[in-house]
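Peer 1: Submitted below is the structure of interest, expressed as structure tokens.
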Amino acid sequence: MASIAQQVPGPFIIGATGGSGTRVVARMVRAADLYIGENLNESEDALDLGAYSDRWINTFSWDVQPSCQLLADMSQNLNTVLEEHLRDVPPDARAWGWKEPRSSFLLPFYHSQFPNMKFLHVVRDGEEALEFLFCRGAYSNRSFDHPPKLVVLDLKLPKIDGLEVLRTIKNDNHAQAIPVAILTSSKEDRDLVDNYKLGVNSYIQKPVYFNQFRDTVKQLGLYWLVVNQSPPSSAFATK
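Numbering follows the numbering used here, in which position 1 of the sequence shown is assigned residue number 32; successive positions increment by one, without gaps.
Here is the structure:
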């Protein structure tokens, strides 16, 4: 792995399903001096990590204990891929990582390689948010053993709105300890009051300008992912 990558925090991985808006997220993190590579497609997906997913995504499984040889081969290949991915990482980068939509399917492996990694998964609508959180539908092979450290929730989501997603999270004994930050453009006091009654952990009004929005999201991530102490695993046990 490139030596500079061992001197700055990482990796920060952005994953999602198609059409979920990760391109905007990628531009925001790049503006915050997070290095996500140079060999990118028009959606800012890392092509080298995409090829890595192509090679291993159907071999690695959440449900079957991989062999030592498979893990060794995956690790060796990943080191080779990251040497190329990180070849041009600037010395002043605040962190490094990549955007590759299918990274969520390789999360147990990535976590075994990088115990301090951060993963951001973006969904398209409220229905998909609940599927992801409760390991249903397209995410039925996801494990709840590693629940999200933070859910950033927009109130105006398609299919199932943000308030209903929040209600579902906070009414479930297994998920209610997950911190939820509401991100919305609404100034209505009623929204604010209703959200706090539902157990929201933070309420943030979206700034109008991109630079302000980028700084707001950066501060949000700094507090909830670095400063804040995450709930212990016992908090997610079914009562």
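Beta carbons: idealized from backbone N, C-alpha and C, even for Gly.
On a Cα-Cα basis, can you pick out the residue from A103, L80 and Q96 that is closest to P132?
Peer 2: Here residue 132 refers to the residue found at position 101 when the sequence shown is read from its first residue. Among A103, L80 and Q96, the Cα nearest to that of P132 is on L80.
Peer 1: With the cut-off set at 8 Å, would you say D203 and G193 are in Cβ contact?
Peer 2: What you label residue 203 is simply residue 172 of the sequence shown in a count that begins at 1. What you label residue 193 is simply residue 162 of the sequence shown in a count that begins at 1. It is not a contact, given that the beta carbons lie outside the stated cut-off.
Peer 1: Excluding five sequence neighbours on each side, which residues of the same chain lie with their C-beta closer than 8 Å to the C-beta of K237?
Peer 2: Translated into the one-based positions of the sequence shown, residue 237 becomes position 206. Closer than 8 Å at Cβ, skipping near neighbours: L214, T215, S216, F244 and T247.
Peer 1: Among residues of its own chain, excluding the 5 on either side of W129, which ones have a beta-carbon nearer than 7 Å to its beta-carbon?
Peer 2: Indexing the sequence shown from 1 puts residue 129 at position 98. Closer than 7 Å at the Cβ level, and outside the excluded window around W129, lie P42, I44, I67, G68, A77, L80 and H116.
Peer 1: Would you mind reading off the limits of the alpha helix (DSSP H) that contains Q10?
Peer 2: Lying outside 32 to 270, the shown extent of the chain, residue 10 is not represented and no answer is given.
Peer 1: Which same chain residues, not among the five before or five after V112, have their C-beta less than 7 Å away from its C-beta?
Peer 2: Start at 1 with the first residue of the sequence shown, and residue 112 comes out as number 81. Excluding sequence neighbours, V112 sits near D79, L80 and Y83.
Peer 1: What residue range is occupied by the uninterrupted beta strand (DSSP E) comprising S171?
Peer 2: What you label residue 171 is simply residue 140 of the sequence shown in a count that begins at 1. Looking at the DSSP string, S171 is not in any beta strand (DSSP E), and its letter there is neither H nor E.
Peer 1: Quick check: what's the CA-CA separation for E219 versus S143?
Peer 2: The residue given as residue 219 occupies position 188 in the sequence shown. The residue given as residue 143 occupies position 112 in the sequence shown. Answer to the nearest angstrom: the Cα atoms are 44 Å apart.
Peer 1: Is it the case that the Cβ atoms of T199 and L161 are separated by a distance below 8 Å?
Peer 2: Here residue 199 corresponds to residue number 168 of the sequence shown, with the count starting at 1. Here residue 161 corresponds to residue number 130 of the sequence shown, with the count starting at 1. Yes, the Cβ-Cβ distance between T199 and L161 is below 8 Å.
Peer 1: From this set, V231, C166, D64 and E75, which residue's C-alpha is nearest W127's C-alpha?
Peer 2: Locating residue 127 in the sequence shown gives position 96, counting from the first residue. The candidate whose alpha carbon is nearest that of W127 is D64.
Peer 1: According to DSSP, is H152 helix, strand or coil?
Peer 2: Along the sequence shown, read from residue 1 onward, the residue named residue 152 stands at position 121. Three-state result, H152: strand.
Peer 1: In three-state terms, what does DSSP make of I209?
Peer 2: Sequence index remark: in the sequence shown, residue 209 carries index 178 (1-based). I209: coil per DSSP, three-state reduction.
Peer 1: State the beta-bridge partners of F43 as determined by DSSP.
Peer 2: The sequence position of residue 43 within the sequence shown is 12, counting from 1. Answer is G128 and K149, bridged to F43.
Peer 1: Given that a residue counts as buried once 16 or more other Cβ atoms are within 10 Å of its Cβ, and exposed if not, what is F175?
Peer 2: Stepping through the sequence shown from its first residue, residue 175 is reached at position 144. F175 comes out exposed.
Peer 1: Let me check understanding here. Comparing Cα to Cα, which of R61, A57 and Y234 lies closest to P121?
Peer 2: As a working note, residue 121 is residue 90 in the sequence shown. Looking at the Cα atoms, R61 is the closest of the given residues.
Peer 1: Counting along the chain, where does the beta strand (DSSP E) carrying D176 start and finish?
Peer 2: Within the sequence shown, numbered from 1, the residue matching residue 176 stands at position 145. Per DSSP, D176 belongs to no beta strand (DSSP E) and is neither H nor E.
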